[in-house]
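Trainee:
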Amino acid sequence: MVEKLEKETNKTMAKDLKDVKKKKNCAFCNDKIDNLDYKDASKLKRFLSEAGKILPRRITGTCAKHQRMLSNAVKKARESGLMGYVFEN
Ligand SMILES: [Zn+2]
Numbered sequence: 002m003v004e005k006l007e008k009e010t011n012k013t014m015a016k017d018l019k020d021v022k023k024k025k026n027c028a029f030c031n032d033k034i035d036n037l038d039y040k041d042a043s044k045l046k047r048f049l050s051e052a053g054k055i056l057p058r059r060i061t062g063t064c065a066k067h068q069r070m071l072s073n074a075v076k077k078a079r080e081s082g083l084m085g086y087v088f089e090n
């Protein structure tokens, strides 16, 4: 599973290098989201790895502002028990 994730990560990074000129692709900016709801666990999970870790910005394309919101939301969700620290697979 780790190998698979690494492979996908490398693929994404290579693509990022090719698309340097492309505009930023922050999902939250696109949706004009100013307040991330930590209760929306299904949305937050899209920005976590299979292991439940927050994916770095260079992979998800999230901007600095929203990445910060995201990490806070994920932490809050974990504390409130909405999201586990480690995903079962
Ligand atoms: Zn953003």
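Numbering (this note's numbering), first residue to last: 2 to 90. For each residue, glycine too, the CB sits at the ideal point set by N, CA and C.
Near L56, which residues of its chain fall below 7 angstroms by C-beta distance, leaving aside the five closest residues on each side in sequence?
Mentor: In the sequence shown, the residue the question calls residue 56 occupies position 55. Around L56: F48, L49 and S50.
Trainee: Quick one, are the C-beta atoms of L83 and K40 less than 8 angstroms apart?
Mentor: Position 82 of the sequence shown, counting from 1, holds the residue named residue 83. Position 39 of the sequence shown, counting from 1, holds the residue named residue 40. Yes, the Cβ-Cβ distance between L83 and K40 is below 8 angstroms.
Trainee: Mapping DSSP to helix, strand and coil, what is L49?
Mentor: Residue numbering aside, residue 49 sits at position 48 when the sequence shown is read from its first letter. Of the three classes helix, strand and coil, the one that applies to L49 here is strand, per DSSP.
Trainee: Quick one: is the Cβ of F29 within less than 7 angstroms of any heavy atom of ligand 1?
Mentor: Within the sequence shown, residue 29 is the residue found at index 28, counting from 1. It does: the Cβ of F29 is within 7 angstroms (strictly closer) of some heavy atom of ligand 1.
Trainee: What does the alpha-carbon distance come out to for the pair D63 and N31?
Mentor: Numbered from its first residue, the sequence shown carries residue 63 at position 62. Numbered from its first residue, the sequence shown carries residue 31 at position 30. Before going further, note that residue 63 is Thr rather than Asp in the sequence given. Rounded to the nearest angstrom, the two C-alpha atoms are 10 angstroms apart.
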